[in-house]
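Before any comments, here is the structure.
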Amino acid sequence: MKRLLPLLCLLASGCGNDREGAIVFTDPAWSASVVAASENGFSAPDGIVPTAAGIVMADEGDGTIRLWKGTAKVLLDKKSGIETPEDIVVDPSGTIYFTDDDAGGLWRLAPDGKAQKLALELKSTEALALAADGTLLVGDGKAHGIFAVSPDGAVTPFLSGITKPESLAFDDQGNLYIADNQENVLYLRTAEGRLLRLIDGRDGFSPESIAWADGALFVTDSADGKLFRYTPTKGLETIALFSGRLSHVSGVAGDGKGGLYVTVQDRFHPGHGFLLKLKRTPSSRA
Amino acid sequence: MIGGIDQQLYQLINGLSGRSWFLDALAGLALDSAIFKAGVIGAAFVFAWYHGRSDAELARARRVLMVTFSAALIVVAISKTLSHEIVEPRPYVEAQKVEYLQDGKLVEAPRWQHRVPLEGTGRNKARALAHGTIGDGHMGAFPSDQAAFYLTIAFGIFLASRRAGAVALAWALVVTLSSRILSGAHSPWQVIAGGLIGLAVLLPLVWFSGRFLRRPFDVVVGWSFRWPGLAAALVFQAAFEITETLEGIHQVAGFALDVVRTVA
């Protein structure tokens, strides 16, 4: 059908068929640019972490961990046993940790390139966050809970009853945000240990990845093609709507300068994706 | 070229919006009320089914109407598939800041001028978009599936009965489709493209059925004369579905698909 499109679109010199995707900004202060696409050496990334050395990507499309800085460098591939890397963090020593929902476990990739699978009892790992004390929190979609994993791999239950903990993020006060994209709930576990269902049962909201940056929680929603911004004072605000090839918006991370990096998995071309940068003009929303 | 003319035409028609509560409420009614939107078109379909000077004329009209209804199903499937693939939002969305992915780059498009209606669905959609909510299909409005469907039905009725068809076509253009442009749901070109797809499917099917499928259709038409009660019931169902833009068929098909998926 897609091959017939150009033909059918002659009906159509004005049908806009050279447009492959779109981003509608509900807050016009934001704008976006394509930093890179699959042609630049990666597949379909999910989780990302900007570091001084470049952007570390959990490339779910071809089961690879990559470092991208203009060009992509493979840090770990499927030969090591990883399948579909999901979420990723980098600790202060430069050690990379990532989850894998098909291979399970928590994976550690040391700066010297040595990889190790920890927490073998976790079978479908997705969400990942690094606590201030160095503990790693890992969400497991099969066990429906979040587990604390020490850097040497010891696993202890942290929180149960989360159907599909897809993404985790700490704010500046040590509160933990939890995205469940099966029940479509955004939880908040306060630093004191209270669990709140912050956003629950809202139409058009299915949190995929979350990241705390510049005093706000940013939330991607690949099911609905949206990017949200949440603050306790203003609540949930939609920043942008994504469509076409850009509709499966996946990972999100702050760039440290008030902007965001966002990964997109190409809706029409499996195994392809984009790395986008979103920035906000300084005079806009406080 | 077409884009520029399309925008100018859109601004001309949508420019009437947001000025008169009555006009906007009327356009809202044409969007939301099935009976106001397409009751006349459904009635014209029934009229054409029963109106004919001879049995031969009636038989030809009924064959054309059956083909028309089948063509409309095909046309909706085609236009929905196309609108799912082609990135062209509804005009009220194009009034926002939109960046398009073109040749690997994101390019900001000039914003369309859009007047928000004072009342009805058009106003509600614009308000919802400002709060970040957008309905399914609002990012893919080319071609208009409503235009494709109603113009196919109206053209088909016109082929079966000039008088009923003229009424159906006039209603489809002036009420059903103009209200969609007025409220920002579609641009004129999106509507015209829907109509062209409708014609491109309907005319060959009518020709093909008249030339090669005469016998099976004659059998069905013969049944409609023999069992007028049953035929009337089926025509009522067809007219009802026309008025509802096939919503009932869509829901039943969705349920059947769910059952198949669950069993499989």
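Protein chains in written order, with my numbering: chain A, 27 to 312; chain B, 22 to 285. Cβ atoms here follow ideal geometry from the backbone N, Cα and C, with glycine treated the same way.
Flag this pair as yes or no: are the beta carbons of residue 114 of chain A and residue 122 of chain A separated by less than 8 Å?
-> yes
Terminal residues of the beta strand (DSSP E) in which residue 173 of chain A lies | 171–175 is the extent of the beta strand (DSSP E) around residue 173 of chain A.
Exposed unless 16 or more other CB atoms sit within 10 angstroms - verdict on residue 310 of chain A = The predicted position of residue 310 of chain A is uncertain, since its pLDDT is 47 and thus under 50; no value can be drawn from it.
Is the region 127–138 of chain B close to the region 99–119 of chain B, with three or more CB pairs under 8 Å?
-> Counting Cβ pairs under 8 Å, three or more are found: they touch.
Taking residue 105 of chain B as the reference, give the member of B:164, B:153, B:268 with the closest Cα.
-> Comparing alpha-carbon positions, the option among B:164, B:153, B:268 lying closest to residue 105 of chain B turns out to be B:164.
Would you mind reading off the limits of the beta strand (DSSP E) that contains residue 6 of chain B?
-> Since the first residue of chain B shown is 22 and the last is 285, residue 6 of chain B is not available in this structure.
Proximity test, Cβ basis, 8 Å: residue 42 of chain A and chain B = For residue 42 of chain A, the predicted model reports a pLDDT of 49, less than 50, meaning its position is unreliable; a value from the coordinates is still stated below. Answer yes: the Cβ-Cβ gap between residue 42 of chain A and chain B drops below 8 Å somewhere.
Using CA coordinates, which residue listed in B:172, B:265, B:186 is at the minimum distance from residue 100 of chain B?
-> B:172
Hey, would you say residue 251 of chain A sits closer than 8 Å to residue 262 of chain A, going by beta carbons?
-> Judged by their CB atoms, residue 251 of chain A and residue 262 of chain A are not nearer to each other than the 8 Å cut-off.
Those residues which DSSP pairs with residue 223 of chain A across a bridge | A:213
Along the chain, where does the beta strand (DSSP E) that runs through residue 162 of chain A open and close?
-> 162–166
Residues of chain B with a CB under 7 Å from the CB of residue 118 of chain A: which are they?
-> Neighbours of residue 118 of chain A in chain B, taken as residues whose beta carbon is under 7 Å from its own, are absent, since the nearest beta carbon is some 34 Å off.
For residue 252 of chain A, the three-state DSSP class (helix, strand or coil) | strand
So what does DSSP say about residue 36 of chain B, is it helix, strand or coil?
-> coil
Does any CB atom of chain B fall closer than 8 Å to the CB of residue 209 of chain A?
-> no
Within this structure, are the beta carbons of residue 161 of chain B and residue 204 of chain B separated by less than 8 Å?
-> no
Any residues in the region 106–127 of chain B with a beta carbon nearer than 7 Å to a beta carbon of chain A? Which ones, in chain order?
-> Identification of residues in the region 106–127 of chain B having a C-beta nearer than 7 Å to some C-beta of chain A yields 106, 107, 108, 109, 110, 114, 117, 118, 119, 120, 121, 122, 123, 125, 126, 127, given in sequence order.
With 16 as the cutoff for other CB atoms within 10 Å, does residue 183 of chain A come out buried or exposed?
-> That one is exposed.
Relative to the C-alpha of residue 141 of chain A, which residue among A:173, A:203, A:101 is closest?
-> Selected option, being the one with the closest Cα: A:101.
Taking 8 Å as the CB-CB cut-off, is residue 52 of chain A touching chain B?
-> yes
Partner residues on chain B for residue 267 of chain A, Cβ-Cβ distance less than 8 Å = Correct list: 153, 155, 160.
Below-8 Å beta-carbon distance, residue 46 of chain A vs any chain B residue = Interface with chain B (8 Å Cβ-Cβ cutoff): residue 46 of chain A is included.
Can you list the residues of chain B that residue 306 of chain A reaches, using a CB-CB cut of under 8 Å?
-> Residues of chain B whose Cβ lies closer than 8 Å to the Cβ of residue 306 of chain A do not exist; the shortest such Cβ separation is about 12 Å.
Compare the C-beta of residue 150 of chain B with all C-beta atoms of chain A and state if any pair is closer than 8 Å.
-> Taking 8 Å as the threshold, the shortest C-beta distance from residue 150 of chain B to chain A falls below it.
Taking 8 Å as the threshold, find out whether the region 184–192 of chain B comes into contact with the region 230–245 of chain B through three or more Cβ pairs.
-> no
Beta-carbon proximity of residue 37 of chain B to residue 44 of chain B, cut-off 8 Å | Yes, the Cβ-Cβ distance between residue 37 of chain B and residue 44 of chain B is below 8 Å.
Using three-state DSSP, classify residue 238 of chain B as helix, strand or coil.
-> helix
Alpha-carbon spacing of residue 274 of chain B relative to residue 267 of chain B, whole angstroms = 10 Å
Cut-off 6 Å between Cβ atoms - residues of its own chain near residue 68 of chain B, not counting five sequence neighbours on either side | 185
Could you run through the region 216–233 of chain A and flag, in chain order, every residue whose CB is less than 8 Å away from some CB of chain B?
-> If the cut-off is 8 Å between Cβ atoms, the region 216–233 of chain A has 229, 230 near chain B.
Of the residues A:245, A:259, A:307, A:306, the one placed nearest residue 289 of chain A, counting alpha carbons only = A:245
Would the C-beta of residue 168 of chain B count as close to the ligand ADP, meaning under 7 Å from any of its heavy atoms?
-> Of ligands this structure carries none, so the ligand ADP is not represented either.
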